[in-house]
Amino acid sequence: MAKLNSTRWERDFSTLDEVQRRAIVEFDGPQMIIGGPGTGKTRTLTLLIPYLLTQKQVPRRNILGLTFSSRMAEQWREKVDEYLTESYDELWIFTFHGFCRRLLRENSLAAGVPAHLHILSDFEEWLFVHQFLKRNLPSLGLTSYLRGVTEKAGFALKLREFIRLLKQNLIDSADFQQMVSHFSPSTPGEVSLKRKLTDLAGLYSALQKEMEESGYLAFPDLVRRTVRLLEEHPEIRRGYQERFGYIIVDEFQEVDPAQFHLLTLLTRENESPCICVAGDPEQAIFKFRGSDPSHIASINGEKPRFLKCYSRAKVITLSRSYRCHPELLQIVERLEKRANSGAHDTPPGNAVFVAAEPTPIDEAFFIARQIKRLLLEGSNQQGVAGYRYSDFAVLLRRLSPLAKPLEEALGYHHIPYQIMGGSTFHKDKGVSFLISYLKALASPDEGEHFRRVLHSPASALQPQMLHRLEASRGRDGESLFHYIKGLTWWLTTDYPDLFPLKETHISQTPPVPRPPILSRLEEDESYGEFFQQLFRFMRSFLLLEREKDTLPLPTLIHRILNHSGLLAYLVGSATKDVAPSTTASDSLRHLRHFTTMVQEFTEVFTALQGKPPTFKELISQIDELVSHFASEASMDRPEKEEEGVRVMTIHQTKGRQFPVIFIPGLLEESFPLRLRGDELLTADELERMKKLYPNFYHPYPRSDDEHYREERRLLRAGMTKAQQMVYLTYSQKSTLFPLLPSRFLHLLNNNLPLDEESCHKSGLGFLRNTAISQTREVTGIGEVLSLSDLAHYLLSKKTPLKREMVEELAQLAKRLEPSQSEGLWVGSVSGIDELLSDARPLSISPKEEPLPLQQEEFTFSTWMLESYLTCPRKALYSAILNITSPADPQRAWRGVVKQVINLLNIPYMRESLRKAPATRRTERLGSLIDELWRQALEERSLPLPDPMTYTEAEIKEIINSYVEEVFLPHLHLPCLASRDTFAFQYQGYPFRVRVDGVMMDDNGRVIILNHALRKRQTKSTEAKNLARGMLSSVTRQGREQPPLRLHPVLAWLAVREGVTAGGLKLDRQAGYYLQYFAQDKEGRIKWSTAVLCFPGFSTDEEDYYCLSGDELQQVEATIVECCSRIKQGYFPARPSSAAPDTCQGYWGCPYANICNR
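Counting in my numbering, the sequence shown runs from 2 upward without gaps.
Right, here's the structure in full:
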C-alpha cells in the first residue's frame, strides 16, 4: 500500500480552486473534465491519483492512467511518485500503445502474438510498405488508376496512412475485403471508387499477411489486436475490468475510435464505472493522425460520444486559466469569434504583438534581436526573475521552410537553441558528410561528392593546399579522384618508408604520369605535412572502397565514422567551447540516428527479401530513406533537453509552456496551409465508404471551411502555450512577389487593417520593418553591425557610393582583423564614413580562370541559368553576387501586372469568385482588381511608364483583357498551384523554380501556365519561338546560337519532382506548357496562347509546338552543363570577338564598368 507525503499533497491540494477539488473528491462514477488552456486539467488528474490511493485506499495496481505521448506519461508518473513516500506496487500510467503492448505480452498465447513483440517504428513501417511494393508490385494485379501511381515516391506513405485509418476504425484486412466485395455501386463515381477499393483491399491483405509472417506489428495493430483479444476472450476482459476499477485519461480530445472502443471494453459493465477523462476540444490538433474530437465535443448538435456511452457521467468545466495572460486569452478567443470565458488575477499589459518584416530572413533576425532585448532588460512582464534562454520558444506551422533562417539568425546573435525533432537531421553537417562519403565510395570518379568529402573539415586537409593540388591537375577531363589516386601511387612508390601501402592496394603501373607538384615535397616542409594528411585520407578511402560490397551495412557505417576522421573531429569539437548554433553534440546525436536508420533498413529488407541489402541497394535509396527518416523522427524520437531557445512545431508543444512565444510565417497558404487534395481517396470518396461501414470515421476536412477551422484551432493552441507574451510575425514579400498576411491576423485584429493605429485599438502591439536591412538609421554608439548591415546602410545613403558598394565593402573587409569579420564595433556613424573615406573600387581580373566558390550547398534557379546562357559573367554579378542593376521601367511595370494576375489566381481567391453569383462576380472582380492594383502600386517604387513599352492606361487594359479573355473562361478549372516556388533535386543539383500556375483541364491533364508581357505586333508563332529559345541552333552567318530559355523544362521538372515551402508536392506529369502573352493588335491589347506539348501529348490549339524526346533530353543536358560550370566557378565574359571591349551587351550591360572588358 502506498504512503502519502501528506505535507506536500495537502499544500498542493489547498492551492486548487473549488471546481478542481470537486473533480477529485466527488469522483465516484463516469466523469468528463473540460477545460481551456492552463486551467489545470493535468494537475487535477495528478492529485487525483494520490487521493484515491490514500483517502479511498485504492490499491495502486487498480488504477490505470492513459495519455497521449510517452513523454507526457513519464512526466505524469514522476509527478505522482513525488507525493508517495513508499509504494511496492507498479503504477500503471501508459500511453494507449504502451498499455496495449503490455497486455498483449501478458496474454501472448491468447492473442496469437510472439511474447517478444517487434513493433515497427513509423519509419520502419513506411520502409516495410516501400520495400514490399518494390518487390511485389508486378504480381498484385492492380486494375484501377492506382496502377499508374504505385511507383511514385509518396505512394508508400499514402498507402500506410490509409491502412492506419482502417485499423483505427477496427477494420482488418479480411473485413475490408468482404465489405468491398458486397459494395454495389449505383453511380459512375461509385464504380470508379469500387475499383480503387478493390485494389486497396488487395494491397492491405497482402501487406498484413507479409507483416505478420515476418513477426512484425505496427503501432495501430497494438490497439486493434488488444480489442480483438478482449472481445474474443470474455474471461480476460472481465479480469482486467475487475483489476482496473479506476481509469483516468488525459488529453482525451486526441483519442481515436479504436482507443475509445478499448476504453469501453475496460470499464466495468455496470451503470456507473469509475472512468474520468479530461481534455479540451479546442486543442484537438492531431486529427490528421486519426483522433476524433467528437468523443469529447458536441459536433453538429450531437452529444459527445462519451456522454452517449456513459449517460450518467458528470461534466465538470474548469474555466479559470492559471497559465495565460488575461489579455492574451481575450485576444485568442477572437479566433473562435466568441467572448472570453477565462479569468485571471494578473494585472493587464501588452501580451500580443504583431511584427511585419520585409522578408523571412528579416523575420528571423527580428526574433533573435527581440530575445536579446528581453534578456538584457533583466526582468519579465511581472517584474520578477529575469528570463533565461529556455523561457523562449519559436513555434512553427512546419519546420522546413523557416528553420534555416532561424538557425542563421540565432547563431549570428550567439543565442543557444535547439531545433526539436528530425527536420534538421538530413541537413546536419555530420550526416551530410556521411552521405557524401557513401556516394563518393559508390562513384568516386563522378567528382562532386568526393570533392565535398575532401574539402570537409573532418578530413583535416588544409584548404589552401587542396586548391593548389586541384590547380596542378590540369583540365584534360581527368577526375579528381583518379588524379589523387595516381598521386598516392607515386608517393608510396617513391617514398615507401614515409607512405607505406600494401601492394595489394595499388596497381603495378602508374595510373597517371608523375605529377609535377610532387617536386615540392622535398623543397617545402608544408607540402610534406599536407601529403602525409592526404595519404592517410586516401589510404582509408581506398580500403573502404574495397570493403564496401562485403561488409554488413551497419559495420560499414561504423568503419566510415572511425576511418574518415568524422567521429574524431566531432568528439574533439564537442569538448571545445564551440558556438551554440553548431554544437558537435547535435551532429553526434544525428549520426546515432543515422546508424539506427541503416540498422532498421537492414532488418526490414532482410525480413522481406530473405537476405541482407547490399551497398548498391542502400545507395540507390539513400536520399529517400534519409528524407522519410527525418520526417518520421520529428515527433516520435524525443530529443535531449538542453538550455536554449526551443524551435519546434506547434504539434510538438503537447505538455509544454513558455513565458514568451514567437510564431512566425503567418501568411496565406503558409499558416493556414493550403488544403491538400492528394490523398489516395478524396474526402467525398471517404464519406461514401460509410455505405460499407456506417461508423467509419476519417479525419480529413470535407471543405475549405472545415480545414481552416482546424488551422485556426492549431494557432489557438500555439498562442495559449505562452504564459506572458506572444509575438506573431509575417514577411511582406518574398524574392519577387508581395505576400498576403494570414487571415488569422485579421481575425485577431477584429478584421481591421494591419497597421499601428488599428492594432492598438484592438489591444495588439504593432512593429513594422525593425530589421537593419531596411533603411533603419544606424545611430547607436557601440552597436554591433555585420558587413551585410553596412551594405544596407550604404544603400540607404544618398551618396555616389551605391554603385561601388560591393567593391568598397570588399576593401573594408581586407582592413578588418579576422576576428572582426563577423561583426564590427562601431563607435559612431561617422566612423563608418571615415573607414571608407579613402577606399577605392576594386578591379575584377579579366582572366578566364575559374572563380572558386564556397563549398556550401548551392541552389539553382531559372533566372540564374538563363542569365548564365546569356553571359556567364553577367550571371555572376546579378544572380550569384546579387549586385542589383538599375531599375528597368518596362520590367517594373510588367511586375505589377504579373503581381495582380498571380494574386487573382491564388486558389482561395479563385474559389471565392467561382462560388459568387454571376450577377455579382463582375462587380466583385472590378473592386478586387482595383484593390490589388492599389496595393501593388503602394508596395513598389515605380518609375514612369516607358512609352516605348506601355502607357499606364494600356497596362490597366492588359489586366482587364486578361480577366475577360483568360481568367473567366478558365475559372472552373482546378488550380493546383499558383505563384509557387518548387524545390527539387535533379542530377544531384538543388533547384528552386517559380511557376506562375499549374492547372488541370477538363480531361484531367496537367497544364503549366506562364504569363509573358511584351509590347509587339509580331504575327510569327510564339510556340516555335519558345521552342527555338530552348534549343541550340546555327545562325545564317554560321555562328552557333546557344539556347537562352530553360523555364518550360525546369517548370516541367518542378511539377514532377518539386515541393513548395508550404509542403505541396504535385508529383504530376505535366502535358502542356501554356504561355499566355499580351499583343498589341491594331491598337488594342489582346491575349494570345502558345502551347508547348511535352513528349506523349498533343493539342488542337492553333499555335503549338510538340517537343520531341530528343529535344527534351537536349534541354536537360543544357541544364546539367550550366549547373556543372557554375559549380566549377567558370564565369567568362561573352565578347563578340577576340578584341577587347567587344562584349555583346557592352552598351546596355549595367555591369560593364566592373567587368573591365
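Just so it is clear, CB atoms sit at the ideal spot from N, CA and C, and this is done for glycine as well. Given the structure is predicted, the values throughout are model-derived calculations rather than measurements.
Rounded separation between residue i and residue j - CA only
| i | j | result |
| --- | --- | --- |
| Lys617 | Gly291 | 37 Å |
| His483 | Arg874 | 31 Å |
| Ile662 | Gly766 | 14 Å |
| Glu447 | Ser480 | 7 Å |
| Asp1003 | Ile1009 | 14 Å |
| Met180 | Pro695 | 11 Å |
| Val250 | Ser70 | 12 Å |
| Pro274 | Leu121 | 34 Å |
| His326 | Gln725 | 5 Å |
| Pro555 | Leu619 | 11 Å |
| Ser789 | Tyr413 | Confidence in Ser789 is poor, its pLDDT being 44 and thus under 50, which makes the residue's placement too unreliable to answer from. |
| Gly783 | Gln419 | Its pLDDT being 36, under 50, Gly783 is placed unreliably by the model, and nothing is read from it. |
| Trp10 | Asp82 | 11 Å |
| Ile368 | Ala723 | 15 Å |
| Val898 | Phe354 | 33 Å |
| Lys549 | Arg453 | 19 Å |
| Glu243 | Leu264 | 14 Å |
| Tyr438 | Asp429 | 14 Å |
| Arg370 | Ser1089 | 50 Å |
| Asn903 | Glu337 | 30 Å |
| Gly487 | Arg675 | 55 Å |
| Cys1123 | Tyr869 | 7 Å |
Top-ranked residue by Cα proximity to residue i, from the options
| i | options | result |
| --- | --- | --- |
| Ile558 | Phe532, Thr615 and Phe531 | Thr615 |
| Pro38 | Leu1093, Phe1098, Lys80 and Tyr323 | Tyr323 |
| Ser295 | Lys304, Arg452 and Leu492 | Lys304 |
| His262 | Glu211, Arg226 and Ala569 | Arg226 |
| Phe307 | Gln32, Gln1070 and Gly611 | Gln32 |
| Arg136 | Glu213, Leu208 and Ala718 | Leu208 |
| Glu107 | Gly240, Leu49, Tyr1105 and Leu626 | Gly240 |
| Pro1049 | Val996, Phe1098 and Gln900 | Val996 |
| Val316 | Arg744, Trp77, Ala298 and Asn271 | Ala298 |
| Arg321 | Arg313, Gly566 and Leu330 | Leu330 |
| Val901 | Leu377, Leu882, Lys957 and Gly246 | Lys957 |
| Leu499 | Leu905, Ala219 and Phe531 | Phe531 |
| Val599 | Leu626, Ile237 and Gly927 | Leu626 |
| Glu75 | Gln56, Thr96, Val59 and Leu85 | Thr96 |
| Leu877 | Val59, Arg103 and Gly1130 | Gly1130 |
Outcome for residue i when other beta-carbon atoms lying within 10 angstroms are tallied against a minimum of 16
| i | result |
| --- | --- |
| Asp293 | buried |
| Leu1054 | buried |
| Asp1111 | exposed |
| Asp281 | buried |
| Gln21 | buried |
| Gly998 | buried |
| His629 | buried |
| Asp200 | buried |
| Thr8 | exposed |
| Gln132 | buried |
Beta-carbon proximity of residue i to residue j, cut-off 9 Å
| i | j | result |
| --- | --- | --- |
| Leu543 | Thr489 | yes |
| Gly666 | Leu319 | no |
| Phe177 | Ser140 | no |
| Val396 | Thr650 | Residue identity differs from the one stated: residue 396 is Leu in this sequence, not Val. In this structure, Thr650 lies closer than 9 Å to Leu396 by Cβ. |
| Arg647 | Phe393 | yes |
| Met865 | Ile1127 | yes |
| Gln733 | Thr360 | yes |
Please determine if the segment 663-673 and the segment 685-700 are in contact, where contact requires at least 3 C-beta pairs separated by less than 8 Å. no
Check your understanding: If we count Cβ pairs, one from each stretch, closer than 8 Å, do we get three or more for the segment 252-266 versus the segment 163-174?
Key -> In this structure the segment 252-266 lies against the segment 163-174, because at least three pairs of beta carbons, one per stretch, are closer than 8 Å.
Worksheet item: Do the segment 590-607 and the segment 121-133 touch if we need at least three Cβ pairs shorter than 8 Å?
Response: yes
Cβ contact (3+ pairs, closer than 8 Å) linking the segment 11-31 and the segment 706-715: No contact exists between the segment 11-31 and the segment 706-715.
(message) Can you confirm whether the segment 525-538 touches the segment 458-474 when touching is taken to mean that 3 or more C-beta pairs between the two stretches lie within less than 8 Å?
(response) yes
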